[in-house]
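Peer 1: This structure is in structure tokens; I'll ask about it shortly.
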Amino acid sequence: MEAVMEQLANFVTYITDSNVWGRILIAAVVVLVVAVLCHLAIKAIQRLLALESVSLSQTSIVVNIVRIVVWGVAICFIADVCFDVNMTAVIAALGVGGIAISLGFQNTLSNLFGGVQVTLTHVIKPGDNIQVGTNQGVVEDINWSYTTIHNLNNETVIIPNSVMANNAVKHLPPVDHVTVPIVV
């Protein structure tokens, strides 16, 4: 019981230390500044991509990647500067953990990178009439993990982006056009 009381006293002393509250205040200020800068950066990126006529799915992927990177750097900065966390050890541990996670989420990551590849290479865009394997239809949406097409039977088909990235995508004439072969 005496050891517990000693630990509690040490904790209270640590919390009431003015240095801790100063660090928490600095961390809060950094979070506010990063939130404002992240918001401004995302608005600027959205405007820039809108000027370039980039599709909404590509814009959302770029915005999400920027948001993740900015907040990841901010968290590392706060942990290192405000709370004296050894970021070298944390990054090494995250690297080892990342390998284990990537093996567990191999299919999900394959779809994610397939989605990035499909959207950034402009291979297809919403409104295109395509055929992938036995699936044929008009592209409705492309997001991080899958592409949605609408076929002639009025069915919505969801194709994983790993399939889109690893298989031949055949562009077909638009649905409102009819091709009539003429023999001479």
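Each residue of the sequence shown is one higher than the one before, starting from 2 at the first, in this note's numbering. A virtual CB, placed ideally from N, CA and C, is assigned to each residue, including glycine.
1. Find the nearest neighbour of Ile66 within the set Ile43, Tyr147, Gly105, Leu153, judged by alpha-carbon distance.
2. Starting from the Cα of His40, find the closest Cα among Met88, Ile27, Trp72, Pro174 and give me that residue.
3. In angstroms with no decimal places, state the Cα-to-Cα distance between Val32 and Leu38.
4. What's the call for Ile25, buried or exposed, on a 16-neighbour Cβ count within 10 Å?
5. Around the Cβ of Val34, are there at least 16 other Cβ atoms within 10 angstroms (buried) or fewer (exposed)?
6. Measure the alpha-carbon distance for Val158 versus Val140 and round it to whole angstroms.
7. Run through the region 87-145 for me and flag every whole alpha helix (DSSP H) of 4 or more residues, listed as ranges in chain order.
8. Exposed or buried, what is Val63 when buried is set at 16 or more other beta-carbons lying within 10 Å of its beta-carbon?
Peer 2: In short:
1. By one-based count along the sequence shown, residue 66 stands at place 65. Per the Cα distances, Ile43.
2. By 1-based counting over the sequence shown, the position of residue 40 is 39. Of all alpha-carbon atoms in Met88, Ile27, Trp72, Pro174, the one lying nearest the alpha-carbon of His40 is that of Trp72.
3. The sequence position of residue 32 within the sequence shown is 31, counting from 1. The sequence position of residue 38 within the sequence shown is 37, counting from 1. Looking at the two C-alpha atoms, the distance is approximately 10 Å.
4. Counted from its first residue, the sequence shown places residue 25 at position 24. Its Cβ having fewer than 16 others within 10 Å, Ile25 is exposed.
5. Here residue 34 corresponds to residue number 33 of the sequence shown, with the count starting at 1. Label assigned to Val34: exposed.
6. Working through the sequence shown from its first residue, we reach residue 158 at position 157. Working through the sequence shown from its first residue, we reach residue 140 at position 139. Val158 and Val140: Cα-Cα distance of roughly 9 Å.
7. Within the region 87-145, the complete alpha helix (DSSP H) segments at least 4 residues long are 88-105, 107-121, listed from N- to C-terminus.
8. Residue numbering aside, residue 63 sits at position 62 when the sequence shown is read from its first letter. Classification of Val63: buried, given that the 10 Å Cβ count is 16 or more.
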